[in-house]
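To start, the structure under review is shown below, and the notes come after it.
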Amino acid sequence: MNIVLLDPRQTQSDIWKISSNRQLEHLHRHLAVKVGDTLKVGVRDGDRYLTEIIAVSEQEILIRPIQKEVIPAKLPMTLIVALPRPKVLRRLIMDAVTMGVQQMILIHSYRVDKSYWQTPFLQQLEHYITLGLEQAGDTIAPKIELYKRFKPFVEDVLPQLIHAHSPAYVAHPYIEQQMPFAIEHACTVIIGPEGGFIPYEIDLLIKNGCQAVSLGNRILRTETAIPYVIGRLFSTS
Numbered sequence: 001m002n003i004v005l006l007d008p009r010q011t012q013s014d015i016w017k018i019s020s021n022r023q024l025e026h027l028h029r030h031l032a033v034k035v036g037d038t039l040k041v042g043v044r045d046g047d048r049y050l051t052e053i054i055a056v057s058e059q060e061i062l063i064r065p066i067q068k069e070v071i072p073a074k075l076p077m078t079l080i081v082a083l084p085r086p087k088v089l090r091r092l093i094m095d096a097v098t099m100g101v102q103q104m105i106l107i108h109s110y111r112v113d114k115s116y117w118q119t120p121f122l123q124q125l126e127h128y129i130t131l132g133l134e135q136a137g138d139t140i141a142p143k144i145e146l147y148k149r150f151k152p153f154v155e156d157v158l159p160q161l162i163h164a165h166s167p168a169y170v171a172h173p174y175i176e177q178q179m180p181f182a183i184e185h186a187c188t189v190i191i192g193p194e195g196g197f198i199p200y201e202i203d204l205l206i207k208n209g210c211q212a213v214s215l216g217n218r219i220l221r222t223e224t225a226i227p228y229v230i231g232r233l234f235s236t237s
């Protein structure tokens with residue numbers, strides 16, 4: 001936890017209170033906070049502050065804001081992912097939020113097990129978003145949408161995300177064109193399920209404006225492909 005996120009309702013007065021059991025345990029056990037220490041605090045979907053601790057107990061920590069701090073910039077990227085296995089989903093959400101993805105869309109495809117849509121993790125996305133924001137020192141949650149029907153999404157929703165200054169790349173290992181490197185524009189990236197998109201799905205994506213691109217001749221897991229793609233597209237070196 002590199003920042004403590006508070007609900008806006010907790011910051012209505014001059015003195016703010018941290019009372020979440022999870023946050024308190026971390027601050028006591030790992031940081032051993034004491035009166036007079038400074039603490040990085042963010043208001044969910046709002047500003048980020050440097051604060052001073054003015055009171056500490058087992059039940060709560062009281063802080064007062066000292067100054068505003070800069071919030072890390074988001075990547076100009078929409079990440080579309082075929083819904084992965086539940087255990088992978090947790091890590092995927094946290095990592096994508098930590099890396100600064102601006103928008104995420106989870107979709108169905110032929111090789112996505114229908115049981116994945118019944119996982120309770122989909123009801124807990126806010127928790128994993130919070131963990132990702134805390135890791136990155138961010139306060140602004142990405143927009144996350146779910147679409148359970150592949151064809152209507154690709155034909156009706158996806159084209160609205162694509163234009164001249166914001167192309168869409170679908171990762172596909174069996175093609176010669178390489179994914180771009182160090183781009184300077186917004187984009188949409190589409191990652192398929194374990195086993196990949198079937199040919200019909202690739203054809204439909206291309207028909208609706210996507211560029212099929214390769215990451216090389218190695219087949220990557222979803223959780224490996226996403227940080228690799230983000231690092232490649234938005235590399236500054």
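So that you can map any letter, position 17 of the sequence shown is 17 in full-length UniProt numbering, and since no number is skipped, the others follow by simple counting. A virtual CB, placed ideally from N, CA and C, is assigned to each residue, including glycine.
Legend entry - Residues sharing a beta bridge with G46, DSSP: Position 46 of the sequence shown holds residue 46. DSSP lists no partner for G46.
Inset, instruction - Following the continuous beta strand (DSSP E) through E223, name the residue where it begins and the one where it ends. - result: In the sequence shown, counting from the first residue as 1, residue 223 sits at position 223. Counting along the chain, E223 sits inside no beta strand (DSSP E); it lies in the alpha helix (DSSP H) bounded by residues 222–233.
Legend entry - E25, DSSP secondary structure in three states: Here residue 25 refers to the residue found at position 25 of the sequence shown. DSSP, reduced to helix, strand and coil, places E25 within a helical segment of the structure shown.
Legend entry - Integer-rounded CB distance, given that A212 should sit under 8 angstroms from K170: The residue given as residue 170 occupies position 170 in the sequence shown. The residue given as residue 212 occupies position 212 in the sequence shown. Note that residue 170 is Val in the sequence shown, not Lys. Contact holds; Cβ gap of about 5 angstroms.
Legend entry - 7 angstroms Cβ cutoff met for R29 and L5: Position 29 of the sequence shown, counted from the start, is the residue given in the question as residue 29. Position 5 of the sequence shown, counted from the start, is the residue given in the question as residue 5. Result no, Cβ atoms of R29 and L5 do not sit closer than 7 angstroms.
Inset, instruction - Could you say if the segment 141–161 and the segment 208–227 meet the contact criterion of at least three C-beta pairs nearer than 8 angstroms? - result: Three or more Cβ pairs closer than 8 angstroms define a contact, and the segment 141–161 meets that threshold against the segment 208–227.
Legend entry - Three or more C-beta pairs below 8 angstroms linking the segment 95–103 and the segment 55–68: The segment 95–103 is not in contact with the segment 55–68.
Legend entry - Alpha carbon of W16 to alpha carbon of G36, nearest angstrom: On the sequence shown, residue 16 is found 16 positions in, with the first residue counted as 1. On the sequence shown, residue 36 is found 36 positions in, with the first residue counted as 1. When rounded, the distance between both Cα atoms is 15 angstroms.
Inset, instruction - Below 6 angstroms CB to CB, which residues in the same chain sit around I198 once its five sequence neighbours on both sides are set aside? - result: For the purposes of this step, residue 198 is taken as residue 198 along the sequence shown, with counting starting at 1. Excluding five sequence positions before and after I198, the CB atoms of its chain that fall closer than 6 angstroms to its own CB belong to Y110, given in chain order.
Legend entry - Distance between V101 and A73 (C-alpha atoms, nearest Å): For the purposes of this step, residue 73 is taken as the residue at position 73 of the sequence shown. For the purposes of this step, residue 101 is taken as the residue at position 101 of the sequence shown. CA-to-CA, the gap between A73 and V101 works out to about 10 angstroms.
Legend entry - the segment 226–234 in contact with the segment 179–187 per 3-pair CB rule at 8 angstroms: Contact between the segment 226–234 and the segment 179–187 is present, because at least three Cβ pairs lie under 8 angstroms.
Inset, instruction - Just the C-alpha distance for E134 and A141, rounded to the nearest angstrom, thanks. - result: For the purposes of this step, residue 134 is taken as the residue at position 134 of the sequence shown. For the purposes of this step, residue 141 is taken as the residue at position 141 of the sequence shown. For E134 and A141, the gap between their C-alpha atoms comes out near 11 angstroms.
Legend entry - Within 7 angstroms, strictly: CB atoms of P86 and F121: In the sequence shown, counting from the first residue as 1, residue 86 sits at position 86. In the sequence shown, counting from the first residue as 1, residue 121 sits at position 121. Yes, these two residues count as a Cβ contact at 7 angstroms.
Inset, instruction - Keeping to the same chain, check which residues put their C-beta closer than 7 angstroms to that of P167; ignore five residues upstream and five downstream. - result: As a first step, residue 167 must be located in the sequence shown, where it is residue number 167. When the five nearest sequence neighbours on each side are left out, the beta carbons in the same chain lying within less than 7 angstroms of the beta carbon of P167 are those of C187, Q211, in order along the chain.
Legend entry - Identified DSSP bridge partners for Q178: Locating residue 178 in the sequence shown gives position 178, where the first residue counts as 1. Here Q178 is bridged, per DSSP, to S214.
Inset, instruction - Quick one: give me the first and last residue of the beta strand (DSSP E) that T11 is part of. - result: For the purposes of this step, residue 11 is taken as the residue at position 11 of the sequence shown. Per DSSP, T11 belongs to no beta strand (DSSP E) and is neither H nor E.
Legend entry - Helix, strand or coil at T139 according to DSSP, with G and I counted as helix: Counting from one through the sequence shown, the residue named residue 139 turns up at place 139. The answer is coil: DSSP assigns T139 none of H, G, I, E or B.
Legend entry - Helix, strand or coil at L83 [DSSP, three-state]: Reading the sequence shown from its first residue, position 83 is the one you call residue 83. Three-state result, L83: coil.
Legend entry - Alpha carbon of K71 to alpha carbon of G132, nearest angstrom: One-based indexing of the sequence shown puts residue 71 at position 71. One-based indexing of the sequence shown puts residue 132 at position 132. The sequence shown places Ile at residue 71, rather than the Lys named in the question. Cα to Cα, I71 sits roughly 14 angstroms from G132.
Legend entry - Nearest-angstrom Cα separation, counted from V189 out to D14: Your numbering for residue 14 matches position 14 in the sequence shown. Your numbering for residue 189 matches position 189 in the sequence shown. When rounded, the separation of the alpha-carbon atoms in D14 and V189 is 43 angstroms.
Legend entry - Local conformation of P167 per DSSP, three classes: The residue given as residue 167 occupies position 167 in the sequence shown. P167: coil per DSSP, three-state reduction.
Legend entry - Strand pairing of Q67, partner residues [DSSP]: As a position in the sequence shown, residue 67 is number 67, starting the count at 1. Looking at the DSSP assignment, Q67 forms a beta bridge with L50.
Inset, instruction - Using DSSP bridges, identify the partner residues of V41. - result: On the sequence shown, residue 41 is found 41 positions in, with the first residue counted as 1. When beta bridges are read from the DSSP output, V41 appears opposite V4, Y49.
Legend entry - Cα-Cα separation between S235 and I183, rounded to whole angstroms: Taking the first residue of the sequence shown as position 1, residue 235 is located at position 235. Taking the first residue of the sequence shown as position 1, residue 183 is located at position 183. Looking at the two C-alpha atoms, the distance is approximately 8 angstroms.
Inset, instruction - Check whether the Cβ atoms of T139 and G42 lie closer than 7 angstroms to each other. - result: For the purposes of this step, residue 139 is taken as residue 139 along the sequence shown, with counting starting at 1. For the purposes of this step, residue 42 is taken as residue 42 along the sequence shown, with counting starting at 1. Going by beta carbons, T139 and G42 fall inside the 7 angstroms limit.
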